[in-house]
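When we follow the working numbering, the leftmost residue of the sequence shown carries the number -11, and every step to the right adds one. Just so you know, even glycine gets a beta-carbon here, dropped at the ideal spot from N, CA and C. Because the structure is a prediction, the values reported are computed rather than measured.
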Amino acid sequence: MLGDLMNVAAPGTTVWLSNPSYVNHKPVMEPRPTVKFYRYFNAATNKLTAMQC
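(1) Measure the C-alpha to C-alpha separation of T1 and N12 and round it to an integer number of angstroms.
(2) Between the beta-carbon of V(-4) and the beta-carbon of P21, is there less than 8 Å?
(3) Kindly indicate the opening and closing residues of the alpha helix (DSSP H) around V(-4).
(4) If you drop the 5 nearest sequence neighbours on each side, which residues of the same chain put their C-beta closer than 6 Å to that of M(-6)?
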């Protein structure tokens, strides 16, 4: 439903969600805007990473 509003206001919008993220974030946005993910935590080093979109 939020995704529907975003699609009306700005068609072709891309929404970036963190990965990992809360499980309900993706369904709230879909199916209208494009949903992409970015990683912010490196499990191998146990460190935060810079956002790389």
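In short:
(1) 19 Å
(2) no
(3) L(-10) to A(-3)
(4) T1 and P21
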